[in-house]
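Trainee:
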Amino acid sequence: MVVGTKESITLQPINWFLMSKKQNNIIPPLSYSVSKSYAPAPESSAHIHIEKEYGFFIDGNFSKSTSGKQFDSINPSSGDVIARFAHAQKADVDAAVSSAKEAYQRWSKLSGAQRGLYLFRIARIIQERSRELAIVECMDSGKTIRESRDVDLPLVAAHFFYYAGWADKLHYAFPGKKVSSLGVAAQIIPWNFPLLMAAWKIAPALAAGNTVVIKPAETTPLSIMFLAQIFQEAELPAGVVNIITGDGSTGELLVSHPDIQKLAFTGSTEVGKKIMRKLAGTSIPYTLELGGKGANIIFDDAAPDQAVEGIINAIFFNQGHVCCAGSRLLVQEGIAPTIIQKLRDRMETLIVGDPLDKNTDIGAINSKAQLDKINDHIKIGQSEGATLYQSSNPLPSRGFYCRPTLFTDVAQSHKITQDEIFGPVLTIQTFRTPDEAIEKANNTPYGLSGGVWTDKGAKIFKITSAIKAGVIWANTFNKFDPTSPFGGYKESGLGREGGVHGLSAYVKLS
Ligand code: NAD
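With the working numbering applied, the sequence shown covers 95 to 604.
(1) Which residues in the same chain have their Cβ closer than 8 Å to the Cβ of Lys-452, if we skip the five residues on either side of it in sequence?
(2) Using a 10 Å radius around the Cβ and a threshold of 16 neighbouring Cβ atoms, would you call Asp-395 buried or exposed?
(3) Would you list the residues sitting across from Gln-484 in a DSSP beta bridge?
(4) Do you know how far the Cα of Ala-568 is from the Cα of Gly-544?
(5) Let me know if Leu-603 comes out buried or exposed under the rule of 16 or more other beta-carbons within 10 Å of its beta-carbon.
(6) Quick check: the Cα distance between Lys-509 and Ser-192, rounded to an integer number of angstroms?
(7) Any heavy atom of ligand 1 closer than 6 Å to the beta-carbon of Trp-285?
(8) Residue range of the beta strand (DSSP E) that Asn-169 falls in?
(9) Distance check for Gln-413 and Arg-440, CA to CA, integer angstroms please.
(10) Can you look up Asp-153 in the DSSP assignment and give me helix, strand or coil?
(11) Output yes or no for whether 7 Å exceeds the beta carbon distance between Lys-387 and Tyr-583.
(12) Per the contact definition of three or more C-beta pairs closer than 8 Å, is the segment 344-352 in contact with the segment 318-331?
(13) Is there at least one Cβ from chain B nearer than 7 Å to Arg-440's Cβ?
(14) Do the segment 248-267 and the segment 358-368 touch if we need at least three Cβ pairs shorter than 8 Å?
(15) Considering just the uninterrupted stretch of the beta strand (DSSP E) at Ser-275, what are its terminal residues?
(16) Arg-240 by DSSP, collapsed to three states: which one?
(17) Under 8 Å by Cβ, that's how I've got Ala-197 and Ala-279 pegged, so tell me the actual separation to the nearest angstrom.
(18) In whole angstroms, give me the CA-to-CA distance for Ser-477 and Ala-267.
(19) Quick check on DSSP: helix, strand or coil for Ser-127?
(20) Where Leu-606 and Ile-445 are concerned, what is the direct C-alpha to C-alpha distance, given to the nearest angstrom?
(21) Could you tell me the alpha carbon to alpha carbon distance between Leu-423 and Ala-389, rounded to whole angstroms?
(22) How big is the Cα-Cα spacing for Gly-647 and Pro-398?
(23) Short of 7 Å in beta carbon distance, which residues of its chain neighbour Thr-548, apart from the five on each side in sequence? Order them along the chain.
(24) Taking only three categories from DSSP, how would you classify Phe-525?
(25) Using 10 angstroms around the beta-carbon of His-143, count the other beta-carbons present and answer buried if the total reaches 16, otherwise exposed.
(26) Using a threshold of 6 Å, is the CB atom of Ser-159 nearer than that to any non-hydrogen atom of ligand 1?
(27) For ligand 1, any of its heavy atoms closer than 6 Å to the Cβ of Lys-573?
(28) So what does Tyr-583 bridge to, in DSSP terms?
(29) Using only alpha-carbon positions, find the residue among Ala-297, Thr-443, Gly-593 and Glu-585 that is nearest to Val-402.
(30) Indicate the three-state DSSP secondary structure (helix, strand or coil) for Leu-330 in the structure shown.
(31) Is Ser-37 a contact residue of ligand 1, with contact defined as CB to any heavy atom under 6 Å?
(32) Round the Cβ separation of Glu-231 and Pro-288 to the nearest angstrom and send it over; I've been treating them as touching at under 8 Å.
(33) Straight-line CA distance for Ala-563 to Lys-295?
(34) Express the C-alpha separation of His-595 and Lys-115 in angstroms, rounding to a whole number.
(35) How is the alpha helix (DSSP H) around Gly-201 delimited, first residue to last?
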């Protein structure tokens, strides 16, 4: 970050403008001053106690691995090792599932009101320890303290509160049906929202009377260990939630375990397909929350400044590591030059840097491997003939960082338009009519999210009902609430999480 200076930045018109025939719409090069004179405001991590080594959380206790196999977890903001984690092998997965199976005998027989009390207690401790958890989440994942403090942690607590409320009302959730739990739920989660994904899965599973074995991603195994401490503090009965750490090989062992009765997976479409093949022909119900390539559609009657803020939030929130990110911008031709210029101006003001600094807008990319994947796509975009623009802000000298990036002169067939890049990279295409926007928005194997920006209510209804995506926001983006179901169509997955829909994935109805 630049401290105590003012920089004068001259923005040149990008090629797309030069090629545009509508010369009147060309925004001239802009010379203006951007104040970057923010003093560092780092959140202290001095009071956070991190062990050198972590084992598993099985049967209510922290235990060592049977094989002694371990892996390092890296803090992406520096590249330093945070701690070593046990790598679960078959015997460890067996122990976790057997603990959950044993605990199910008692947990499923508790009344809903009793289960709800534990969940309320967990939610309240999460609130009490929320600042600490927010800091750990930043160190583990690279996300910014502003987002983990103001978005992730409030939502984590909200999910436990919300499902705590359903625990003794399952018969009202599914009127006229006999509701029973399933058994041991195996849950596998990704690295982009480690605690939030854990909350999305654990809270409804427990509310409905199931027990859990959960595996976090190999790059973010830390914060869930703090959640395990909270389960102990809340005196959650032993074995109700078990946590095993490891990579995809551990995940495979969990998916194929004969004693699981439910599988909930959030991650890439590629792994989701493998899991679907593995579970095909079994009676195990599964939900798959997979990748996305959301279209954010801006009409010429939208409020331009609001839309620009929405575009920024849609693609740069959480470094673009968001399954429902608005990574494809579709902008109506007449306002494209204005929107693109405003976007570039706004990108110049985004601070990329230390996730724990409260001024930071874009934190660290979660891992070296993910940064390499993003940079490869940026090179591919250039070789495909798209025009690259990146902000000129400085990057920290250590750790994994990427500047906010956009591409213009993009074709529908380009790899950068088709692939989920999962980073701060936006592709921009234009359209002339609503039908063209719908055609382009749906021209993807994914169907997770979308956004529409217009001041016409009728247009909102027309477009939102024509886009094949599980969640579509109008004049806003990336808004979440535990009462609202979330999930995908097509290659973005099967089933819903959140709301009563999320609860229905953890019950048997007869
Ligand atoms: P990933 O599929 O590589 O890994 C996800 C989890 O699956 C990790 O815990 C990993 O260890 C495990 N895993 C890997 N191979 C496995 C296998 N063969 N069997 C069982 N488990 C296996 O995904 P990622 O890179 O961690 O996460 C990013 C992806 O997650 C993106 O595609 C993103 O869109 C998606 N995602 C989707 C949602 C949603 O709600 N739809 C939410 C967040 C992230």
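For glycine and all other residues, C-beta sits at the position ideal for the given N, C-alpha and C.
Mentor: Short version:
(1) Ala-135, Pro-136, Glu-137, Ile-239 and Arg-240
(2) exposed
(3) Thr-499
(4) 9 Å
(5) exposed
(6) 45 Å
(7) yes
(8) 164-169
(9) 15 Å
(10) coil
(11) no
(12) no
(13) The displayed structure is made up of one protein chain only, and chain B is not part of it.
(14) no
(15) 273-275
(16) helix
(17) The Cβ separation is near 12 Å, so there is no contact.
(18) 53 Å
(19) With a pLDDT of only 43 at Ser-127, under the threshold of 50, the placement of this residue in the model should not be trusted, and no figure is reported.
(20) Outside the shown range of the chain, which is 95 to 604, sits residue 606, and nothing can be said about it.
(21) 6 Å
(22) Absent from the structure is residue 647, since the part of the chain shown begins at 95 and ends at 604.
(23) Phe-393, Asp-395, Ala-396 and Ile-554
(24) strand
(25) exposed
(26) no
(27) no
(28) Gly-541
(29) Thr-443
(30) coil
(31) Absent from the model: residue 37. The displayed extent of the chain is 95 to 604, so no value can be given.
(32) 7 Å
(33) 21 Å
(34) Summary for Lys-115: the model assigns pLDDT 34, below 50, so the residue's position carries little reliability; its value from the coordinates is reported in the next sentence. Those two C-alpha atoms are separated by around 49 Å.
(35) The sequence as given places Trp at residue 201; Gly does not occur at that position. Note, Trp-201: alpha helix (DSSP H), 184-201.
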